[in-house]
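Undergrad:
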């Protein structure tokens, strides 16, 4: 009997150890690599309940959902690409580098004309203020001659189809597609240049230009900025308030972001207004005491059709 008990205890201990090991491994896999359907279901369930409540309170409400793009809807950054802390095969160039490569930029007065010098100055400005850096960068991709702008847009559209579409997060994609099917209006609010952000229509054809906002440095005939709002930090709050002010029936349903510095302010606004506010892959919050924001980690993308950015670029030129 004693031998049996010892064997039984050993069996139980081994199973406990194995269970703990595999549970930890599965948790790490779900958190760091795999698309977590539980997260997606939880968010969609929250949104479904909120839609039901808001429509019951106001059947005429135009429910709106606000999303950041870079790092939220897509892995990496459409302007900067993806380079740091990832394997070589997963890296890709951003649209800024691609535009410089093919000479489809409008170099501002007294600004660097070579890409490496542009990057050096851009990184210096980032250390001072991200909003200033993003606006400075956007000047290169606005106010181009018509033919040059046409070629830039063609390059952007092709690159989205060849590469960037594959970097879109599955969870984010499934959420906005679900909302669109429910009649919810989706707004993209990004700190990337407007002409780059408009390429997102290649990912979601139901998006419309008037629901896509980047940093727009285009000027009118008098030399004044058409749209002075800088979609960074409090600038995103200003953007959302501007959109809401245009229609008294427009109501916030929710929103998604990925950076406390860039998106924390607008996600806090959404939470304060009772919306479903989601932060993806944001890490620990900065010093501000945020509340009412749901935090998740996601990683799985729609899939890569190409093994490297070099192949994707080659495809564009064919």
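Numbering (this note's numbering), first residue to last: 1 to 318.
Every residue gets a Cβ at the ideal spot worked out from N, C-alpha and C, and that includes glycine.
Between which residues of its own chain and residue 353 is the CB-CB distance below 8 Å, once the five residues before and five after are set aside?
TA: Residue 353 cannot be examined here, being either before or after the span of the chain that is shown, 1 to 318.
Undergrad: Contact between the segment 95-109 and the segment 204-214: three or more CB pairs below 8 Å?
TA: no
Undergrad: Quickly, what does DSSP pair residue 256 with across the bridge? List them, please.
TA: Paired residues: 67 and 278.
Undergrad: Report all residues from its chain with a CB closer than 6 Å to the CB of residue 250; omit the five preceding and five following residues, and keep chain order.
TA: Correct list, in chain order: 62, 64 and 244.
Undergrad: Could you please give me the residues that DSSP links to residue 294 through a beta bridge?
TA: 278
Undergrad: Output needed for residue 319: all residues of its chain with C-beta closer than 6 Å, excluding positions within five of it in sequence on either side, in chain order.
TA: Absent from the model: residue 319. The displayed extent of the chain is 1 to 318, so no value can be given.
Undergrad: May I ask you to report which of helix, strand or coil DSSP gives residue 232?
TA: coil
Undergrad: Tell me the rounded alpha-carbon separation between residue 100 and residue 235.
TA: 27 Å
Undergrad: For the segment 210-222 against the segment 80-99, are there 3 or more C-beta pairs whose distance is under 8 Å?
TA: no
Undergrad: Looking at the structure shown, is residue 82 part of a helix, part of a strand, or coil, going by DSSP?
TA: strand
Undergrad: Helix, strand or coil, according to DSSP, for residue 146 in the structure here?
TA: helix
Undergrad: Take residue 195 and list the residues in its own chain whose beta-carbon comes closer than 8 Å to its own, dropping the five residues that flank it on each side.
TA: Excluding positions up to five away in sequence, the list reads 141, 142, 149, 152, 153, 156 and 214.
Undergrad: Give every residue of the same chain whose Cβ lies closer than 8 Å to the Cβ of residue 165, excluding the five residues on either side of it in the sequence, and list them in chain order.
TA: 202, 203 and 302
Undergrad: Examine the Cβ distances between the segment 164-179 and the segment 38-46 and report whether three or more of them are shorter than 8 Å.
TA: yes
Undergrad: Report the three-state DSSP secondary structure of residue 62 (helix, strand or coil).
TA: If DSSP states are grouped into helix, strand and coil, residue 62 belongs with the strands.
Undergrad: Taking the alpha helix (DSSP H) that residue 41 falls in, what are its first and last residues?
TA: 37-57
Undergrad: Just the C-alpha distance for residue 300 and residue 66, rounded to the nearest angstrom, thanks.
TA: 21 Å
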